[in-house]
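Peer 1: Protein chains in written order, with the numbering used here: chain A, 86 to 241; chain B, 86 to 241.
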DNA sequence: GCCATATCGTTCGTGTACGCACGATGGCCA
DNA sequence: TGGCCATCGTGCGTACACGAACGATATGGC
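1) With contact counted as at least three CB pairs below 8 Å, one residue from each stretch, are the stretch 181–201 of chain B and the stretch 140–158 of chain B in contact?
2) Check each residue of the stretch 196–224 of chain B: if its Cβ is closer than 7 Å to any Cβ of chain A, include it; give the result in chain order.
3) Would you mind telling me which residues of chain B sit closer than 9 Å to residue 185 of chain A, beta carbon to beta carbon, in chain order?
4) Which residues bound the beta strand (DSSP E) around residue 187 of chain A?
5) Starting from residue 169 of chain B, trace the alpha helix (DSSP H) both ways and give me its first and last residue.
6) Which partner residues does residue 222 of chain B have in the DSSP bridge list?
7) Select from A:104, A:138, A:114, A:119 the residue whose C-alpha is nearest the C-alpha of residue 217 of chain A.
8) Listing by chain order, which chain A residues have their CB less than 9 Å from the CB of residue 171 of chain B?
9) When you compare the CB of residue 241 of chain B with every CB in chain A, is at least one pair closer than 8 Å?
10) Go ahead and pull the three-state DSSP assignment for residue 142 of chain B.
11) Beta carbons nearer than 7 Å to chain B: which residues of the stretch 105–123 of chain A have them?
12) Which residue comes first and which comes last in the beta strand (DSSP E) that contains residue 198 of chain B?
13) Indicate whether at least one CB of chain A lies closer than 8 Å to the CB of residue 160 of chain B.
14) Does any residue of chain B bring its CB to less than 8 Å from the CB of residue 135 of chain A?
15) Beta carbons nearer than 9 Å to chain A: which residues of the stretch 135–151 of chain B have them?
16) Taking buried to mean at least 16 other C-beta atoms within 10 Å of its own C-beta, is residue 173 of chain A buried or exposed?
17) When the Cα atoms are used, what is the spatial distance from residue 124 of chain A to residue 114 of chain B?
18) In angstroms with no decimal places, state the Cα-to-Cα distance between residue 199 of chain A and residue 182 of chain A.
19) Compute the Euclidean distance between the alpha carbons of residue 164 of chain A and residue 241 of chain A, then round it to the nearest angstrom.
20) Suppose you measure from the CA of residue 129 of chain A to the CA of residue 134 of chain B; what does that come to, to the nearest Å?
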């Protein structure tokens, strides 16, 4: 990795008005993107099933808590757009982990539930869930871990 | 929003062995996904140009600091896979915000730089950058904001 | 009962994100 | 000098993410 591209003398940022310079690496949005990237990578190798993604996992965990949920409500519970939810649910249904039936009381809705196979799968993954979080938080001390979770909760 | 779907009596998580229950809403990965979602939404409405995405923005900011960078090196600086970088750069080049030329010293590389239009655009966006971060961190107190940035830096 | 309004799920388009495989090129060392 | 291995950029496949528009259905106010 030679040729490290020499830095310019002064980043002329137009917004560093006598205060601290604006560094992209210090901005929340940037840090959240990077942190999320790392968390996803750890999830993928530690959850125990390379075919399950983080969003699929949270959807299945929620469906395990509630027996049946409409697609939109599930999306609200796990923080996913209905368009995004559509794709997630389709993939889970293709793999026979989730089943659906029309809501008898509301013809607009579809009720989702885990199949037997889906329940078996979530319960297996749930055993690895804590380890995934532990690994992601490993660089932090115990109090720091709790602090981070609390701060993230506040800005979500 | 009636029909809130009744909760089951006990979430039988298989992993809540006498310790605290496993709640998906308390896991780092989940919180990071939600926080990143919110940060992206705030960016989109506050950066001042709805056609610029967060990743495009950080790429342009880095290209503004360094005069010229190869595509791979830029990707490493802003934390993006080379396959992801490819798409980002293509879109910026399509809009004439970024230009490229072959590296005279290494035929494998392409050197990227901002066009005049690109420089004008970044400098305009950089004026809004601090406001985006401020808005994202608004739910937190001053010390909490600094703590969050520090903790995120540690786990990236 | 009727109609304006809202919700539900789908589809389309665009943009990140990354693994994998590929061909071209470069660096290093036997 | 030749060959091995790394790096660079590209292309493909898959998956999240969301705005916008759509048709079907439900609800509340009149």
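Just so it is clear, CB atoms sit at the ideal spot from N, CA and C, and this is done for glycine as well.
Peer 2: Once the coordinates are examined:
1) Counting Cβ pairs under 8 Å, three or more are found: they touch.
2) Sequence-ordered contacts of the stretch 196–224 of chain B with chain A read 208, 211, 212, 214, 215, 217, 218, 221, 222, 224 [C-beta pairs closer than 7 Å].
3) None at all; the shortest Cβ gap to chain B is about 14 Å.
4) 183–187
5) Note, residue 169 of chain B: alpha helix (DSSP H), 167–179.
6) None, per the DSSP bridge assignment.
7) A:138
8) Simply none; closest approach about 17 Å.
9) yes
10) helix
11) 107, 109, 111, 112, 113, 114, 115, 116, 117, 118, 119, 120, 121, 122, 123
12) Residue 198 of chain B: member of the beta strand (DSSP E) spanning 195–199, first to last residue.
13) No, no contact with chain A.
14) no
15) Of all residues in the stretch 135–151 of chain B, 139, 140, 142, 143, 146, 147, 149, 150, 151 have a Cβ within less than 9 Å of some Cβ in chain A.
16) Buried, since its Cβ has 16 or more Cβ neighbours within 10 Å.
17) 5 Å
18) 6 Å
19) 10 Å
20) One C-alpha to the other measures close to 34 Å.
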